[in-house]
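Here our numbering is used: the first residue of the sequence shown is 1046, the next is one more, and so on. Quick reminder that beta carbons are idealized off the backbone N, C-alpha and C, glycines included. Take a look at the structure set out below.
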Amino acid sequence: MPKGLGVEEQVFGGEHHSGRVARPLWTAIKRGLLGRCPHCGEGKLFYAFTKSVDKCSVCGEELHHHRADDLPAYLVIVIVGHIVVGAFMGVEATSTLTLWQHALIWVPLTFGLAVALLQPVKGAVIGLQWALYMHGFSGEKDELEPHS
């Protein structure tokens, strides 16, 4: 990047050219899926349903930097949609259920899957951001620059 423009190149992840130690990506995602700290795998990642802790109670890793925002919800919609629509099409092709019977099956299943998957998916996104040094997980200040 040109240096005269006042824009710095931001490098995500840890690689030999960035000078950062590579963090284990799949391990961090797995730990996040399990609701554990992506760094140590011991401390809890959430103190409420989708409220993440500010820092790990075991290793002290700061976790408040994450910006999971809406991505976990979008991923859950895609995952649940594929499961429910695929299952619906399979049942519809092999049975003759009425409309209300379909509603009794698919509406609770959709809500149940969405609720069951939201926290693990959010944990996985936090683990991904931690492993790739995204946002404040890089050790640098994570503030948005004012627009001019």
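Do residue 1163 and residue 1072 count as a contact pair if the criterion is CB distance below 8 Å? The residue labelled residue 1072 in the question sits at position 27 within the sequence shown. The residue labelled residue 1163 in the question sits at position 118 within the sequence shown. Against a cut-off of 8 Å, the Cβ pair of residue 1163 and residue 1072 comes out as no contact.
Given residue 1159 as reference, the closest of 1148, 1129, 1138 once Cα atoms are compared: As a working mapping, residue 1159 is identified with position 114 in the sequence shown. It is 1129 whose Cα lies nearest to the Cα of residue 1159.
Report the residue ranges of all alpha helix (DSSP H) runs contained in full by the stretch 1086–1149; include only those spanning at least 4 residues, in chain order. 1116–1139
Applying the 10 Å Cβ sphere with the 16-neighbour rule, what's the burial state of residue 1111? Along the sequence shown, read from residue 1 onward, the residue named residue 1111 stands at position 66. Buried.
Going by the beta-carbon positions, is the gap between residue 1108 and residue 1100 smaller than 8 Å? Position 63 of the sequence shown holds residue 1108. Position 55 of the sequence shown holds residue 1100. Contact: yes.
Could you please give the first and the last residue of the uninterrupted alpha helix (DSSP H) stretch that includes residue 1070? Translated into positions along the sequence shown, residue 1070 becomes position 25. That run of the alpha helix (DSSP H) goes 1070–1078.
With a cut-off of 8 Å on the beta carbons, I'd call residue 1083 and residue 1175 a contact; round off their distance for me. The residue you call residue 1083 lines up with position 38 of the sequence shown. The residue you call residue 1175 lines up with position 130 of the sequence shown. With 8 Å as the limit, residue 1083 and residue 1175 qualify as a contact, their Cβ atoms being about 4 Å apart.
In the DSSP output, what is residue 1081 paired with across the bridge? The sequence position of residue 1081 within the sequence shown is 36, counting from 1. In DSSP, residue 1081 forms a bridge with 1089.
Rounded to whole angstroms, what's the CA-CA distance from residue 1081 to residue 1088? Just pull it up for me. The residue given as residue 1081 occupies position 36 in the sequence shown. The residue given as residue 1088 occupies position 43 in the sequence shown. In a straight line, the C-alpha of residue 1081 is about 6 Å away from that of residue 1088.
Please classify residue 1134: is it buried, with 16 or more other beta-carbons within 10 angstroms of its beta-carbon, or exposed? To locate residue 1134, count along the sequence shown from 1; it is residue 89. Exposed is the call here.
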